[in-house]
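J.: Heads up: the sequence shown runs through residues 3 to 381, numbered per this note's numbering. In this text, a Cβ means the ideal position worked out from N, Cα and C, and glycines have one as well. Every value quoted in this text rests on a predicted model; they were computed, and no experiment measured them.
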Amino acid sequence: MKLGDKIQRTWRKLLTPLVGNIPAQGYWSSAWDYYQHYQQEGLPGLCYYPYWSTYQEHYPVPRSIYPQPHGAFYWTTVTMPESYWVSLPKATVLSGRQSVGSVIAHDGKVIHDSSRQWANQPEQNEACYHKFPRAIPTEKTIAVLGIGGGGMNYYHWLTDVLPRIHLLKHGHIWSKIDSFLVDEPSPKLAITLDILGINPSQIIYTYHYFTLASPLVVMPQFPRAQYRWRIDFLRETFLPHRDTTATKIEKIYISRSKASRRRVLNEAEILDYLTPLGYVPCWLEDLSFLEQVSLFSQAKRVIGLHGAGLTNIAWCPPGARVLEIFPSESIPSYYWVLASQVGVDYYYLLSLNFPPLPQDDTVLNLKQFQQAVEHLETV
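In structure tokens:
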């Protein structure tokens, strides 16, 4: 963010409590409810485009050295809700607080299930009780891509933000979009927008902290589920851009030694064991996005602590194997699901230190780690 943008953002935040207003006077629980109510009136510009109907996904039970799988991996069958985009005439887009990308319909009600606060009760949506900057009118058709919060994180950018673009490329709406409201990606991820055909001149970053009133707002579904089509889209879009002449590394150990948290404190000991087995340590922060795509597209084994770097198993060939290590009692299942969708065999290991170490760092039990790696290599 440039200095001028920071100053404007701070100034708007200071003025909002004095001259701002509460943008929403009520809510629609879902975009579908709003569409159903007004489509009978023939509201110009209103459209609901279902991309993928509801369906079930099935995930294989993960493998480990434990007699029973952890409770985090209990739900092996999940029902996925419908995927869609909706266009709303004379709507307002919020960019601030927890409501980044929230949309206020023409009747003054916030579309709750398509906002970042979808998990709360609709009446708790802050668009209904917090002041926001007064709306700035624009004649441009705006597509909402930003999700706020972790939107700039490598995992969420690839699996939550970019798939919203994929939704918009189906139906008739893409050519009508003038601007995209989006979280600012890291410099290495900016290339993804270019590959997907979004010009820098079309981008409005969510950090500006303002409210925009547009004649037409296009709102792809807020990411609330781990759809298989997201991963198919990523692979079809970015694998063709990989460097097939890059050095082939079949066994990867993802090092977090340069990170500020969630590190393996006895990593030297771990590498002494892994190196003779053919594993190569990789520091992903040193690689560009396409270098990471190229690296993992040839990997057959991946070992790493829980973290965004494991998103790269999206590029692995089916039949590869991944071992995810959890350094705390928080056991997110993101990468189990992702691996299942790619066709990568998923293994996990718990490395819980008592008392827990600061910053979710861990010291791996070498004997237990060796058992897990042997299991990865042979079973």
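Are there 16 or more other CB atoms within 10 angstroms of the CB of Glu446, so buried, or fewer, so exposed?
T.: Beyond the ends of the chain as shown, which are 3 and 381, falls residue 446; an answer cannot be given.
J.: Starting from Tyr382 and walking both ways along the beta strand (DSSP E), at which residues does that stretch end?
T.: Because residue 382 is not part of the residues shown, which for the chain are 3 to 381, the question remains open.
J.: To the nearest angstrom, how far is the alpha carbon of Lys133 from that of Leu160?
T.: Taking the straight line joining both Cα atoms gives about 31 Å.
J.: By Cβ distance, which residues of its chain are closer than 8 Å to Ser262, with the 5 residues on each side in sequence left out?
T.: If we look at Ser262 and ignore the five residues flanking it on each side, its Cβ neighbours are Gln361.
J.: If you reduce the DSSP assignment to three classes, tell me which class Val63 lands in.
T.: Coil at Val63, not helix or strand.
J.: Three or more beta-carbon pairs under 8 Å between the segment 352-361 and the segment 241-260, yes or no?
T.: Judged by Cβ distances under 8 Å, the segment 352-361 makes no contact with the segment 241-260, as fewer than three pairs qualify.
J.: With DSSP as the reference, please indicate the residues paired to Gly306 in a beta bridge.
T.: Answer is Ile256, Glu326, bridged to Gly306.
J.: On the CB-based measure, 16 or more other CB atoms within 10 Å of its CB, does Val63 come out buried or exposed?
T.: Answer is exposed; the Cβ neighbour count stays below 16.
J.: Below 8 Å, can you find three or more Cβ-Cβ pairs linking the segment 154-170 to the segment 105-112?
T.: With a cut-off of 8 Å, the segment 105-112 and the segment 154-170 do not count as touching, because too few Cβ pairs lie within range.
J.: With burial defined as no fewer than 16 other Cβ atoms inside 10 Å of the residue's Cβ, what is the status of Ala270: buried or exposed?
T.: By the neighbour-count rule (16 or more Cβ atoms within 10 Å), Ala270 is not buried but exposed.
J.: Which residue's Cα is closest to the Cα of Ala74: Leu378, Trp338, Ala322?
T.: Ala74 has its Cα closest to that of Trp338, out of Leu378, Trp338, Ala322.
J.: Could you tell me which of Ser342, Leu359, Ser116 sits nearest to Arg264, measuring between CA atoms?
T.: Ranking the options by Cα distance to Arg264, first place goes to Leu359.
J.: Applying the criterion that 16 or more other CB atoms from any shown protein chain within 10 Å of the CB defines a buried residue, is Arg166 buried or exposed?
T.: Label assigned to Arg166: buried.
J.: Ser216 and Thr140 look like a contact to me (Cβ under 8 Å); what is the Cβ gap, rounded to whole Å?
T.: Indeed they touch by this definition, with Cβ atoms about 6 Å apart.
J.: Please identify the residue among Ser203, Val80, Gln70, Thr364 whose C-alpha is closest to the C-alpha of Tyr57.
T.: The candidate whose alpha carbon is nearest that of Tyr57 is Val80.
J.: At 3 residues or longer, what runs of the beta strand (DSSP E) sit wholly inside the segment 115-162?
T.: List check, beta strand (DSSP E) in window: 137-139, 144-146.
J.: Enumerate, from N- to C-terminal direction, the unbroken alpha helix (DSSP H) stretches of 4 or more residues contained entirely within the segment 269-299.
T.: Whole alpha helix (DSSP H) segments, 4+ residues: 269-276, 291-298.
J.: Assuming Asp35 is part of the alpha helix (DSSP H), what are its boundary residues?
T.: Residues 33-41.
J.: Check for me: the beta strand (DSSP E) holding Ala93 runs from which residue to which?
T.: Ala93 -> beta strand (DSSP E) spans 85-97.
J.: By Cβ distance below 7 Å, which residues in the same chain neighbour Ile1 in space, the five residues on each side in sequence not counted?
T.: There is no way to answer for residue 1, as the model of the chain reaches only from 3 to 381.
J.: What is the residue span of the alpha helix (DSSP H) that Thr79 lies within?
T.: First-last for Thr79: 79-82, but that is the beta strand (DSSP E), not the alpha helix (DSSP H).
J.: For Tyr36, which residues of its own chain have a beta-carbon under 7 Å away from its beta-carbon, when the five flanking residues on both sides are left out?
T.: Trp30, Ala107, Ile113.
J.: If you run the structure through DSSP and keep just helix, strand and coil, what is Ala227?
T.: If DSSP states are grouped into helix, strand and coil, Ala227 belongs with coil.
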